[in-house]
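Visitor: Under the working numbering, the first residue of the sequence shown is numbered 78, with each subsequent residue one higher.
Ideal Cβ positions, reconstructed from N, Cα and C, are used throughout, including at glycine.
Predicted model, so just to flag it, every value in this text is computed and none were measured.
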Amino acid sequence: MSVDLEYDSRFDLIKGIDHFEDIGPCVIMASPGMMQSGLSRELFESWCTDPKNGVIIAGYCVEGTLAKTILSEPEEITSMSGQKLPLKMSVDYISFSAHTDYQQTSEFINILKPPHVVLVHGEQNEMSRLKAALQREHRGKLAIHTPRNTQQLCLTFRGDKTAKVMGSLAMEQPEPGKNLQGILVKRNFNYHILAPSDLNSKYFLLLFRGSDSVNILVHEMECVIEMLQEMFGEDSVPKMFKGDKLHVEVDGKRAYIDLLAMVYIYKL
78 MSVDLEYDSR FDLIKGIDHF EDIGPCVIMA SPGMMQSGLS RELFESWCTD PKNGVIIAGY
138 CVEGTLAKTI LSEPEEITSM SGQKLPLKMS VDYISFSAHT DYQQTSEFIN ILKPPHVVLV
198 HGEQNEMSRL KAALQREHRG KLAIHTPRNT QQLCLTFRGD KTAKVMGSLA MEQPEPGKNL
258 QGILVKRNFN YHILAPSDLN SKYFLLLFRG SDSVNILVHE MECVIEMLQE MFGEDSVPKM
318 FKGDKLHVEV DGKRAYIDLL AMVYIYKL
């Protein structure tokens, strides 16, 4: 593939700072804005001693930077070489920041209504002021965090989980305020509630057909024994066992019990 490029002779007028001719009036937009180093710092140190010159700081300045220092109009500044230079040029400030202000940030939070807000960018005192203002406005409706650099932050999220009632439990007419008793079964990200008697029925087999295994969390050993007896028969469940695991197999169907984690795994 070939690309035709046409040279623009106007680029001949663009010169680097090494070829800049410092004669006559001019306006230069230079970075970085904090003036700690780079082109903006070099030009500032060259021009700050002449009262005919001026500098305009556009945007927020962090404490401890040269841009923040000269806003207080000191009589002299320290150059990068350590030399003291008199500050004779004018210093002005305009707000030209790409960051949101308090009103915009608060409106954004009100729209999203998040449980957590993490403030990670900005000067510490300003972030603390923003945190305090948001706490006053939202009054405990959200948690606001201001972690230090490299500080680990752990967030806990709680979501609603919906379980579908299946089998014989679904045949009963629900009554308001009545407790539902059954076994909660999780498959992937789906939850189902079944009666213990349905675990060896067609509902259970249809529900998990095609799966390699099913994990069912139980809380008492008696529930495990009863479940195995209903599925495989009383003769298939050992009366005594050793170790942390129990294994039952009948007609190609296997059940593994992790006695420590109390997790029942049924393999079709």
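(1) Determine, using beta carbons only, whether Q212 and I221 come nearer to each other than 8 Å.
(2) Relative to the C-alpha of L232, which candidate in A247, S172, P151 and P192 has its C-alpha closest?
(3) Output yes or no for whether 8 Å exceeds the beta carbon distance between D169 and I147.
(4) Touch check for the stretch 234 to 245 and the stretch 195 to 204: three-plus C-beta pairs under 8 Å?
(5) Which residue or residues does DSSP assign as beta-bridge partners of N202?
(6) For S274 and S245, which I take to be in contact (beta-carbon distance under 8 Å), what is that distance rounded to the nearest angstrom?
(7) Quick check: the Cα distance between S86 and D95, rounded to an integer number of angstroms?
(8) Using a 10 Å radius around the Cβ and a threshold of 16 neighbouring Cβ atoms, would you call F121 buried or exposed?
(9) Using DSSP with H/G/I as helix, E/B as strand and the rest coil, what is L271?
(10) State the CB to CB distance for the pair M166 and D127, rounded to an integer number of angstroms; the pair is presumed to be in contact (CB under 8 Å).
(11) Give the straight-line distance between the Cα atoms of T182 and S114, rounded to the nearest whole angstrom.
(12) Please report the straight-line C-alpha distance between K92 and E98, rounded to a whole angstrom.
(13) By DSSP, does G101 sit in helix, in strand, or in coil?
(14) Less than 8 Å between the CB atoms is what I'm expecting for L144 and F173, so what's the real figure, rounded?
(15) Is DSSP giving S27 helix, strand or coil here?
(16) Let me know the secondary structure DSSP gives T182 once reduced to three states.
Guide: Short version:
(1) What you label residue 212 is simply residue 135 of the sequence shown in a count that begins at 1. What you label residue 221 is simply residue 144 of the sequence shown in a count that begins at 1. Yes, Cβ-Cβ distance for Q212 and I221 is below 8 Å.
(2) Position 155 of the sequence shown holds residue 232. That would be P192, whose Cα lies nearest to the Cα of L232.
(3) Position 92 of the sequence shown, counted from the start, is the residue given in the question as residue 169. Position 70 of the sequence shown, counted from the start, is the residue given in the question as residue 147. No.
(4) no
(5) In the sequence shown, the residue the question calls residue 202 occupies position 125. DSSP output for N202 lists no bridge partner at all.
(6) Locating residue 274 in the sequence shown gives position 197, counting from the first residue. Locating residue 245 in the sequence shown gives position 168, counting from the first residue. Yes, they are in contact, since the Cβ atoms of S274 and S245 sit about 7 Å apart, within 8 Å.
(7) Counting from 1 along the sequence shown, the entry for residue 86 is found at position 9. Counting from 1 along the sequence shown, the entry for residue 95 is found at position 18. Between S86 and D95, the C-alpha separation is close to 20 Å.
(8) As a position in the sequence shown, residue 121 is number 44, starting the count at 1. So F121 counts as buried.
(9) Numbered from 1 along the sequence shown, position 194 holds the residue referred to as residue 271. DSSP places L271 in strand when its eight states are reduced to three.
(10) As a first step, residue 166 must be located in the sequence shown, where it is residue number 89. As a first step, residue 127 must be located in the sequence shown, where it is residue number 50. M166 to D127, Cβ: 6 Å. Contact.
(11) In the sequence shown, the residue the question calls residue 182 occupies position 105. In the sequence shown, the residue the question calls residue 114 occupies position 37. Roughly 31 Å separates the two Cα atoms.
(12) Walking along the sequence shown from the start, residue 92 turns up at place 15. Walking along the sequence shown from the start, residue 98 turns up at place 21. Cα-Cα distance, rounded: 10 Å.
(13) Taking the sequence shown and counting its residues from 1, one reaches residue 101 at position 24. Reduced to three states, the DSSP call for G101 is coil.
(14) Looking up residue 144 in the sequence shown gives position 67. Looking up residue 173 in the sequence shown gives position 96. Correcting the residue identity first, residue 144 is Ala in this sequence and not Leu. Actually they do not touch by this definition, with Cβ atoms about 13 Å apart.
(15) Summary: the structure shown does not reach residue 27, with the chain confined to residues 78 through 345, and so no result is reported for it.
(16) For the purposes of this step, residue 182 is taken as the residue at position 105 of the sequence shown. Correct three-state label for T182: helix.
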